[in-house]
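Under this note's numbering, residues 354 to 645 are what the sequence shown spells out, in order.
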Amino acid sequence: MIKIGIIGYNEGNGHPYSFSAIINGFDKEKMARSRYPVIYNYLIKRKSVEFGIADFEVTHIWTPYKEISKEIADCTYIKNVVEHYEEFSGQVDAVIIARDDVESHYEIARYFLEQGLFVLVDKPLAINEGEIAYYRPFLEKARLMSCSGLRYKPEIETCFDQALRAEDICFINAYSVLDWYKYGIHVLEAVTPLLGNCVTKVQHLNDTLNCLVKISYAEGKYLLIQINKKYGWGIKADIFTKNGFFQVNFDDNFTCFKRMLQEFHQMIKSGKPSIPADETISILHTIMAVKN
């Protein structure tokens, strides 16, 4: 059994609930009463056999708020609620930092990486060069993983056939919501496996309400990301190739999150990175090139 300690919580981010439920299963009545009914609504649609990941178990939880820690634990069968995340030491094999307030990541991740634990960090991993330089060897040695679960949307892999070939992509128009650092990265994570990480130029037009970013790649390809900071119409990408067009709607959090957690499990078991370090770092540099 690979014992997992999960860390949360920041306002608006329900990942400690969803990740723990996908691994451990969940109590329907308690999750229905939790502060994230939207998570309950998509969990309840899944079959019981879809929950659980090999020999993973979330055994410990810490958040800065005891009440929230207890709620997550009760909803997702976590046995141990701790007062300080340092209490994970010697008790777990891996840690999931399930919070997207990037400024909190370094102190917590470093504590566990220095102890030799495997760590999965919610996106974005970092937005400054010093922290990226620190993280690089851990990414390369398969001790650290960080990404958006949306990179694992199945349609990204299955929509190409002999008529629609990934290598024939001309450009991608994509749409995200609210905040560049937290949600622009969703699109970048999803399409980087298609476009590669050879970014040649990042251009942006921002005002108080809108963020428009053009990312140019080798061979003349480009990605256009549009974000309205007030209104959200979902996260989606229109992919144009030489021979056709299709749209991917990132509307299946359960599948994306489960596949991400499975990749983390595979990294631990194989000792090989699930995502090349250079790819993760290229995405972070692109995020950093834009003033939010």
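Virtual Cβ for every residue (Gly too), placed ideally from N, Cα, C.
- By the neighbour-count criterion, in which a residue is buried when 16 or more other Cβ atoms sit within 10 angstroms of its Cβ, R452 is buried.
- F598 counts as exposed, since fewer than 16 other C-beta atoms from the protein chains shown sit within 10 angstroms of its C-beta.
- Taken through DSSP and simplified to helix, strand or coil, L503 comes out as helix.
- If you draw a straight line from the Cα of Q468 to the Cα of I449, it comes to about 15 Å.
- Here T639 is buried: its Cβ has 16 or more other Cβ atoms, across all protein chains shown, within 10 Å.
- CA-CA distance, R386 to F607, rounds to 19 Å.
- By the Cβ test, the segment 503-510 is not in contact with the segment 572-580, since fewer than three Cβ pairs between them sit closer than 8 Å.
- The three-state secondary structure of K595, taken from DSSP, is coil.
- Taking T545 as reference, the option from T561, K381, I522 with the minimal CA-CA separation is I522.
- Counting along the chain, V566 sits inside the beta strand (DSSP E) bounded by residues 563-570.
- The three-state reading of DSSP puts A479 in coil, since its state is none of H, G, I, E or B.
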